[in-house]
Amino acid sequence: MEMIGNNFILGLVGEVSTLVSKGSRRSLLKHQASVTKLLDMIDMVRQHRSLTHQFLFNHQQEVVEKIAALDEEMKKAITKLASDRYVGNSIERIALKNKLTQLTSSYKNRSISNNLVAHGKVIRQLIFQIDSQILISLDKADKLELAGEYNDQWQAVMSGIEALTQYRLSIMAMNMNLKPALLAKQANVLYSKLVKVSDVYSDYHPDLNECMTQLERYLTEHKHTEEYQAKLFDLSSEISAALVDVYEAIIEKTFAKAISGVYSAE
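For the sequence shown, my numbering gives the first residue as 165, with consecutive numbering after it.
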């Protein structure tokens with residue numbers, strides 16, 4: 165997934181300029197800019213999770229330099245995020261900064277599972293901050309009637325992310341020769357959650373055929389190889405990217421609906 169960057173803001177500025185009063189426009193744009201920073205941070209955390217997983221799982225020394233470069237990029241972004249007064253209150257910003265900083269240190273000492281959990285927790289924390297920004301923006305735009313639809317979509321995405329985390333942990337549990345039923349159970353839960361995403365957000369139609377085919381093959385052949393684990397994990401990464409893409413689309417459409425027609429009488 166490519167970073168949204170400034171494109172997320174620029175696409176809406178024209179509409180905002182003509183429909184919203186100067187003071188309200190400035191406030192909405194500030195919140196949108198904060199959302200962009202948070203989304204970009206999610207992208208970096210996902211990259212960090214992928215690279216550190218490659219190091220911990222495959223012992224790929226060649227990714228160490230990439231991780232170091234990404235760590236430096238994240239540190240700069242963390243500083244900017246922590247100084248943005250539109251991102252929560254000061255206590256929340258400090259807590260978020262500490263969590264993000266922890267990800268960029270001591271990753272070599274983490275277990276594979278702990279690494280997945282640590283990154284997942286930070287991603288969820290970032291999403292909760294985004295959710296807060298969206299609701300504040302809807303309130304300022306006097307469009308709280310959109311909150312119900314947005315919340316349904318948000319809950320579906322969050323449920324998908326939670327199920328994906330458990331699915332990934334069950335993939336890693338293959339090393340411990342646990343019963344294949346655990347992986348099958350988590351895969352079925354994940355599939356049902358992604359179907360729910362499709363139900364509440366009609367523009368997204370999850371295609372898990374490849375994932376389920378790979379899973380079925382594993383259950384039939386009872387493979388316990390690192391290569392097969394890597395394939396399943398790669399598939400889970402594709403699902404993760406799809407969920408984040410869906411969430412970004414939900415946010416963009418929610419902002420667009422909030423802005424459309426606001427203060428049109430002015």
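Backbone N, C-alpha and C define an ideal beta-carbon position, used for all residues, glycine too.
Quantities reported herein were computed from a predicted structural model and do not represent experimental measurements.
Assigned exposure category for residue i - 16 Cβ within 10 Å defines buried
| i | result |
| --- | --- |
| Asp398 | exposed |
| His217 | buried |
| Ala406 | buried |
| Lys201 | buried |
| Asp204 | buried |
| Lys272 | exposed |
| Ser404 | buried |
| Lys307 | buried |
| Ile414 | buried |
| Ile242 | buried |
| Ser400 | buried |
| Leu279 | One detail in the question is off: residue 279 reads as Asn in this sequence, not Leu. When all chains shown are included, Asn279 counts as buried. |
| Glu412 | buried |
| Gln317 | buried |
| Gln225 | exposed |
Alpha carbon of residue i to alpha carbon of residue j, nearest angstrom
| i | j | result |
| --- | --- | --- |
| Leu245 | Ala345 | 42 Å |
| Met338 | Glu326 | 19 Å |
| Leu192 | Phe419 | 9 Å |
| Ile276 | Leu220 | 6 Å |
| Val209 | Asn262 | 14 Å |
| Ile300 | His223 | 44 Å |
| Leu290 | Ser198 | 11 Å |
| Ala305 | Lys194 | 13 Å |
| Ala233 | Gln266 | 16 Å |
| Tyr250 | Lys395 | 40 Å |
| Ile287 | Glu391 | 27 Å |
| His283 | Asp207 | 11 Å |
| Ser247 | Ile255 | 12 Å |
| Lys421 | Glu309 | 11 Å |
| Met336 | Gln393 | 7 Å |
| Lys285 | Leu264 | 10 Å |
Residues near residue i in its chain [Cβ-Cβ closer than 8 Å; skip 5 each side]
| i | result |
| --- | --- |
| Gly252 | Leu260, Gln293 and Ser296 |
| Val281 | Thr329 and Leu333 |
| Ala320 | Lys357, Lys360, Val361, Asp363, Val364 and Tyr365 |
| Arg274 | Thr216, Leu220 and Ala282 |
| Ile258 | Ala246 |
| Gln211 | Leu234 |
Own chain, CB closer than 6 Å to residue i, minus 5 neighbours either side, in chain order
| i | result |
| --- | --- |
| Lys417 | none |
| Ile215 | Looking at the sequence shown, residue 215 is not Ile but Leu. Within the same chain, Leu215 has close Cβ partners Val227, Lys230 and Ile231. |
| Gln350 | Gln330, Tyr331 and Ser334 |
Same chain, Cβ closer than 7 Å to residue i, five either side skipped, listed in chain order
| i | result |
| --- | --- |
| Thr268 | Asp235, Met238 and Lys239 |
| Val410 | Val321, Val361, Tyr365 and Tyr368 |
| Ala311 | Leu299 and Leu302 |
| Leu354 | Ala327, Leu328 and Tyr331 |
| Ser323 | Lys357 and Lys360 |
Problem set entry | beta strand (DSSP E) segments (min. 3 residues) lying fully within the stretch 300-374 | none
Exercise. What are the complete alpha helix (DSSP H) segments, minimum 4 residues, inside the stretch 184-247?
Worked result: 186-222 and 228-246
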